[in-house]
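Reading through the structure tokens given below for one structure.
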Amino acid sequence: SSQDEGVSKLASLMRRSSRDNDSSFHRVNFTRVKASYEVRIFPEMRVASKDVVQRVDHLQIFSRFADLNHVLVRSLIHRSNNVRPADGVMLDDVGYGRREVLTRTPLAAAELTDCMEEGFLQDAREVHQYVIALCCIVVLFITCAGSAIFSLKQPSIVPSRTNPLLMRTR
Numbered sequence: 001s002s003q004d005e006g007v008s009k010l011a012s013l014m015r016r017s018s019r020d021n022d023s024s025f026h027r028v029n030f031t032r033v034k035a036s037y038e039v040r041i042f043p044e045m046r047v048a049s050k051d052v053v054q055r056v057d058h059l060q061i062f063s064r065f066a067d068l069n070h071v072l073v074r075s076l077i078h079r080s081n082n083v084r085p086a087d088g089v090m091l092d093d094v095g096y097g098r099r100e101v102l103t104r105t106p107l108a109a110a111e112l113t114d115c116m117e118e119g120f121l122q123d124a125r126e127v128h129q130y131v132i133a134l135c136c137i138v139v140l141f142i143t144c145a146g147s148a149i150f151s152l153k154q155p156s157i158v159p160s161r162t163n164p165l166l167m168r169t170r
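Per the working numbering, residue 1 is the first one in the sequence shown, and the count goes up by one each step.
This is the structure we're talking about:
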């Protein structure tokens with residue numbers, strides 16, 4: 001019957017389709033790496049541990065998580081010395097920050113100097129913002145003063161260096 005022919009034709013098409021799809025799949029090996037990190041906090045940083053934990057927790061926001069993923073992918077793929085670097089590297093999850101007090105060896109003097117330089121750069125950025133704001137206020141005052149002077153100027157019949165009048169002829 002025609003219904004049996006239709007079913008057999010559909011079954012043969014499905015078998016052919018499944019054979020075609022099997023060849024398009026490739027075997028992929030996954031490697032999962034779990035990493036943990038610590039942020040050392042010391043007085044030269046001028047940052048409270050609570051602030052550092054909040055910054056780590058802010059990585060839960062998608063845009064910051066995506067930025068961290070981008071940095072991770074760039075550092076693992078593009079800086080790799082392998083001929084075939086790992087493709088498809090991605091960050092799966094960032095946990096919440098946790099505060100722990102541990103004993104560690106003191107940082108070297110060069111590392112402390114680098115951290116202090118970071119603090120100086122932040123201070124310079126803040127001072128720069130204040131200077132730019134002050135300059136904008138000064139420019140505003142100069143503009144207002146110039147506008148006031150030119151709007152208050154009234155015509156005069158007395159000749160002067162700034163107001164040369166033509167001699168009137170009678």
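Where a beta carbon is used, it is the ideal one built from N, C-alpha and C, also for glycine.
Just the C-alpha distance for residue i and residue j, rounded to the nearest angstrom, thanks.
i      : j      : result
Leu76  : Val89  : 8 Å
Leu171 : Leu140 : Because the chain in this structure spans residues 1 to 170, residue 171 falls outside the shown range and cannot be described.
Ile137 : Leu59  : 37 Å
Leu107 : Gly146 : 57 Å
Asp4   : Leu10  : 10 Å
Met45  : Leu91  : 28 Å
Ala35  : Phe42  : 23 Å
Arg27  : Val33  : 20 Å
Ile149 : Ser160 : 17 Å
Thr105 : Ile61  : 33 Å
Between which two residues does the alpha helix (DSSP H) carrying residue i extend?
i      : result
Glu55  : One detail in the question is off: residue 55 reads as Arg in this sequence, not Glu. Per DSSP, Arg55 belongs to the alpha helix (DSSP H) from 49-57.
Thr113 : 109-152
His70  : 62-73
Leaving out five residues on either side along the sequence, give the residues of the same chain with a beta carbon under 6 Å from the beta carbon of residue i.
i      : result
Tyr96  : Asp57
Val47  : none
Gly119 : Arg46
Thr113 : none
Starting from the C-beta of residue i, find all residues in its chain whose C-beta is less than 7 Å away, skip the five residues before and the five after it, and write them out in chain order.
i      : result
Ala110 : none
Arg170 : Confidence at Arg170 is low in this model, with a pLDDT of 45, below 50, so its placement is unreliable and no value can be given for it.
Once the 5 residues before and after residue i are set aside, which same chain residues still bring their CB inside 8 Å of it?
i      : result
Asp123 : none
Phe65  : Leu59, Leu91, Val94
Ser49  : Ile41, Arg99
Legend entry - Segment contact, 8 Å Cβ cut-off, at least three pairs: the segment 52-61 with the segment 69-80: no
Legend entry - Segment contact, 8 Å Cβ cut-off, at least three pairs: the segment 98-111 with the segment 127-144: no
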